[in-house]
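Data first, discussion second: the structure below is written as structure tokens.
Residue numbers (the numbering used here), protein chains in the order written: chain A, 1 to 408; chain B, 409 to 496.
In structure tokens:
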């Protein structure tokens, strides 16, 4: 079949509707992960109501968005969480949700397992995927980032799912300097539970900006990760997270393109639409689903999204031999480390990010526009010190890369 | 026997979204996403249910003899991945 325009160009120019999107249902969270991409903690009083959320789902159904990646905050602590999940699946919008496991009790696990078994009937009934966030294969490594007791909580959730017969849930790991040495251990853990491993990239987004410098993998670890991913093929999911690693040579399975505002986006708890889950900043806010035109109006008409769908200049990267593979890397990673968007990724595998990174004035990188971190009572000052610990891993980006299973 | 000589239909869990380049196919059971990169392949897929064979659907969609092997491979791949089911 002759294809005049390569498929990837169609995606770069944007589709009439996202293939999938991330939807943070709440900024409330029981944890306080240090690298939380959405700076979650406290519930925002302006959260979408149940009716408003259902109206968004109606739109997604009309636009044929195949599934949503639900996150937060901790989405399961929204009182209407299960109601919204049921509403979405009943309206032909599949649900993949990320959780730290806090509400995955034996009862909930049984219910999820029952839903999964019932999926043989109507086309989309029972389409619910569960992703348990875990950032260490040991409590020591995990809890240092996600907080005391969070490893035990995640494993309890996994035990409950396994006991209920829910197979194929995902273990979702944000790759850090401290857990890259545990890749095999993660895989063994997933195998033990009949689960699927999902690895995603740490972004300097949200509170992640504060810890990125000390947590992001070293150059040698990036190479190790790349080789490991190549060796494991499509058996390990990546949410198309590591397309900057394509600069090493061979592409990893996936789109290998930034889908922000083109084939994916983020809806935040108050209905603001951002280009991607790692870009919660005014510079990447396209509009709000509450406004006239709703989500579809934002997706199709926003100035920001239109500009993202224009041909992008390679800038300083254009002359690089790897540009066609990595396309300059991750927009959010550049933005929140203070690098120009048309230059190299801070983790450029050719090392081109190092020099520009070293010239960024400390403290000059853009800060996230929102912070829902919980205050620490009795902390220094008047208690208004933002917690630097929270949950919500920088996963679920282009979550489940739309093209991870693409036909080649 | 060639996939072209058999009768097919979309699998019940597959959703089709037309696009400028062709279409997106999403299988809600396997979570597999496939891309139909030629609008004629979308027409073929849409006609499968009513065509006696896949070959008839291809010819009905204006696929010439020279291109038939390409379409045959694409349909075989869709059948392999459970996007299509044999009609009996």
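We treat Cβ as the ideally placed atom computed from N, Cα and C, and that holds for glycine.
| Check | Outcome |
| --- | --- |
| DSSP three-state call for residue 15 of chain A: helix, strand or coil? | coil |
| Does the beta carbon of residue 427 of chain B come closer than 8 Å to any beta carbon on chain A? | yes |
| What does the Cβ neighbour count give for residue 359 of chain A, buried or exposed, with the cut at 16 atoms within 10 Å? | exposed |
| For a cutoff of 8 Å on Cβ pairs, would you count residue 243 of chain A as touching chain B? | no |
| Can you give me the start and stop residues for the beta strand (DSSP E) that residue 358 of chain A sits inside? | From DSSP, residue 358 of chain A is part of no beta strand (DSSP E) but of the alpha helix (DSSP H) over 354-358. |
| Provide the residue span of the beta strand (DSSP E) that contains residue 96 of chain A, from first to last. | 94-99 |
| Please return the same chain residues whose Cβ sits closer than 8 Å to the Cβ of residue 407 of chain A, not counting the five positions on each side in sequence. | Caution is warranted here: a pLDDT of 32 is assigned to residue 407 of chain A, below 50, making its placement in the model unreliable, and no coordinate value can be reported. |
| If we define contact as Cβ-Cβ less than 8 Å, is residue 412 of chain B a contact residue for chain A? | no |
| Where does residue 161 of chain A fall in DSSP's three states? | helix |
| Tell me, please, whether the CB atom of residue 432 of chain B is closer than 8 Å to any CB atom in chain A? | yes |
| Using only CA atoms, which one of A:235, A:253, A:366 lies nearest to residue 242 of chain A? | A:253 |
| What are the boundary residues of the alpha helix (DSSP H) that includes residue 129 of chain A? | Careful: residue 129 of chain A lies outside any alpha helix (DSSP H), inside the beta strand (DSSP E) at 128-133. |
| How big is the Cα-Cα spacing for residue 141 of chain A and residue 100 of chain A? | 15 Å |
| In terms of alpha-carbon separation, which member of A:324, A:348, A:167, A:17 lies closest to residue 299 of chain A? | A:17 |
| Taking residue 196 of chain A as part of the beta strand (DSSP E), name the residues at either end of that continuous run. | 196-201 |
| 8 Å is my cut-off, CB to CB: does residue 403 of chain A come that close to chain B? | Caution applies to residue 403 of chain A, whose pLDDT of 28 falls short of 50 and renders its modelled position unreliable; the model cannot decide the point. |
| When DSSP labels each residue in this structure, what does residue 327 of chain A get in the three-state scheme? | coil |
| In the structure shown, what three-state DSSP assignment does residue 169 of chain A receive? | coil |
| Determine the DSSP secondary structure at residue 422 of chain B, reduced to helix, strand or coil. | strand |
| Interface residues of chain B around residue 19 of chain A at Cβ under 9 Å? | 425, 432, 434, 441 |
| DSSP on residue 264 of chain A, reduced to helix/strand/coil? | strand |
| Report buried or exposed for residue 146 of chain A, applying the criterion of at least 16 other Cβ atoms within 10 angstroms of its Cβ. | buried |
| List the residues of chain B that residue 10 of chain A touches, going by C-beta distances under 8 Å, in chain order. | 427, 428, 429 |
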